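Visitor: Take numbering that gives the first Met the number 0: the final residue in the sequence shown is number 55, and no numbers are missing along the way.
Ideal Cβ positions, reconstructed from N, Cα and C, are used throughout, including at glycine.
These numbers were taken from a predicted model, which means no experiment stands behind them.
One structure coming up, written as structure tokens, with questions to follow.
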Amino acid sequence: MTTKTIASSGALSDIATIAFAAVLGLGLIFAAGFSHAGGMHDVAHDSRHATGFPCH
Numbered sequence: 000m001t002t003k004t005i006a007s008s009g010a011l012s013d014i015a016t017i018a019f020a021a022v023l024g025l026g027l028i029f030a031a032g033f034s035h036a037g038g039m040h041d042v043a044h045d046s047r048h049a050t051g052f053p054c055h
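Rendered as structure tokens:
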């Protein structure tokens, strides 16, 4: 019985991980679709400079 419980909890963990990834992905697509393009560029640009990654 213990083996069955461990296998079941592993499957539930996989489902939760997939669900979280799907919600996060859809949220990012939704946010990108409804935001202003200039604002997204500015945020991405500023974050690249903040991490020290050159973009020009």
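Could you give the distance in angstroms between the alpha-carbon of residue 10 and the alpha-carbon of residue 33?
Guide: Straight-line Cα distance between these residues: approximately 35 Å.
Visitor: Considering residue 44, what are the terminal residues of the alpha helix (DSSP H) in which it resides?
Guide: Run containing residue 44: 36 to 49, per the alpha helix (DSSP H) assignment.
Visitor: May I ask you to report which of helix, strand or coil DSSP gives residue 52?
Guide: Residue 52 falls in the coil class under three-state DSSP.
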